[in-house]
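Keeping their order, the protein sequence lines are chains A and B. 1 is the number of the first residue of the first sequence in our numbering; add one for each residue after it. 114 is the number of the first residue of the second sequence in our numbering; add one for each residue after it. Backbone N, C-alpha and C define an ideal beta-carbon position, used for all residues, glycine too. Structure, as structure tokens:
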Amino acid sequence: DQQVKQNSPSLSVQEGRISILNCDYTNSMFDYFLWYKKYPAEGPTFLISISSIKDKNEDGRFTVFLNKSAKHLSLHIVPSQPGDSAVYFCAARKAQGAQKLVFGQGTRLTINP
Amino acid sequence: DAGITQSPRHKVTETGTPVTLRCHQTENHRYMYWYRQDPGHGLRLIHYSYGVKDTDKGEVSDGYSVSRSKTEDFLLTLESATSSQTSVYFCAISAGDTQYFGPGTRLTVL
Chain A
1 DQQVKQNSPS LSVQEGRISI LNCDYTNSMF DYFLWYKKYP AEGPTFLISI SSIKDKNEDG
61 RFTVFLNKSA KHLSLHIVPS QPGDSAVYFC AARKAQGAQK LVFGQGTRLT INP
Chain B
114 DAGITQSPRH KVTETGTPVT LRCHQTENHR YMYWYRQDPG HGLRLIHYSY GVKDTDKGEV
174 SDGYSVSRSK TEDFLLTLES ATSSQTSVYF CAISAGDTQY FGPGTRLTVL
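Put into structure tokens, the structure is as follows:
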């Protein structure tokens with residue numbers, strides 16, 4: 001049972017345009033969501049997060065939107081840059097306990113010049 | 114950089130042999146985790162620790178054991194490696210609301 005889903009395995013965007021990565025979840029007990037970026041042969045790097053009490057969080061070029069009623073979150077990157085080419089994972093966790101993360105399958109983002 | 118190192122970074126072994134992967138952290142974090150990454154699955158939690166000698170199972174714990182005798186070290190052991198355990202293994206720590214990951218160990222079981 002895949003509790004966190006990223007339905008687009010890949011996404012190609014032109015440099016300078018907006019990249020939108022999507023993530024859906026099924027467990028209503030999740031209350032904190034994170035996005036990670038991963039380059040080949042490296043560990044995932046934390047990008048941005050959002051608590052379920054918010055619907056938007058911004059950090060520079062990166063904005064995460066949360067729609068609790070739809071159980072959907074999205075990561076917007078604007079403007080997209082070549083260095084943004086990577087695999088992006090969304091992750092979710094419940095309020096209590098050991099902060100165990102449940103990850104989506106990942107989306108490979110390619111930024112074209 | 115959360116001061117996490119993993120060793121070895123690459124390992125090739127044969128089916129049936131025991132394998133131990135090491136995660137080392139330098140910042141005294143209480144929580145440590147082991148995940149595996151496979152195509153089509155993202156990262157999945159194997160085991161985690163919430164203190165010295167305190168560990169618990171994750172989503173895909175079968176075939177794996179862990180130990181934490183010191184705050185800074187979290188060991189993952191495959192008692193008898195199988196080809197299905199070929200994967201990339203990541204260690205992580207919790208700092209505040211965020212987990213930070215090590216560089217990974219690529220394990221191949223022939």
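> Any residues in the stretch 81 to 108 of chain A with a beta carbon nearer than 7 angstroms to a beta carbon of chain B? Which ones, in chain order?
Replying inline: Phe89, Ala98, Gln99, Lys100, Leu101, Phe103, Gly104, Gln105, Gly106
> Since histidine 142 of chain B is in the beta strand (DSSP E), which residue starts that stretch and which ends it?
Replying inline: Element bounds for histidine 142 of chain B: n/a, residue is neither H nor E.
>> Please list the terminal residues of the continuous beta strand (DSSP E) segment that includes tyrosine 177 of chain B.
In response: That run of the beta strand (DSSP E) goes 177 to 183.
> To which residues of the same chain is serine 214 of chain B closer than 6 angstroms at the C-beta, ignoring the five residues directly before and after it?
Replying inline: Checking the sequence, you will find phenylalanine at residue 214 of chain B rather than serine. Closer than 6 angstroms at the Cβ level, and outside the excluded window around phenylalanine 214 of chain B, lie Phe203, Ala205.
> Which parts of the stretch 193 to 218 of chain B are runs of the beta strand (DSSP E), unbroken and 3 residues or longer, counting only runs that do not cross its ends?
Replying inline: 200 to 208, 211 to 214
> What residues in its chain sit with their C-beta under 8 angstroms from that of valine 165 of chain B, if we drop five residues either side in the sequence?
Replying inline: Arg181, Ser182, Lys183, Thr184
>> Less than 8 angstroms between CB atoms is the rule here; does serine 207 of chain B satisfy it with respect to chain A?
In response: yes
>> On the DSSP letters alone, give me the boundaries of the beta strand (DSSP E) that tyrosine 36 of chain A sits inside.
In response: 30 to 38 is the extent of the beta strand (DSSP E) around tyrosine 36 of chain A.
>> Using 8 angstroms as the threshold, is the C-beta distance between proline 82 of chain A and isoleucine 111 of chain A below it?
In response: yes
> To which residues of the same chain is glycine 116 of chain B closer than 6 angstroms at the C-beta, ignoring the five residues directly before and after it?
Replying inline: Contacts found: Gln138, Thr139, Glu140.
> By Cβ distance, which residues of its chain are closer than 7 angstroms to serine 118 of chain B, with the 5 residues on each side in sequence left out?
Replying inline: According to the sequence as given, residue 118 of chain B is threonine; it is not serine. The residues His137, Gly215, in chain order, have a CB closer than 7 angstroms to that of threonine 118 of chain B in the same chain once the five nearest residues on each side in sequence are set aside.
> If we cut at 8 angstroms on Cβ distances, does glycine 217 of chain B have a partner in chain A?
Replying inline: yes
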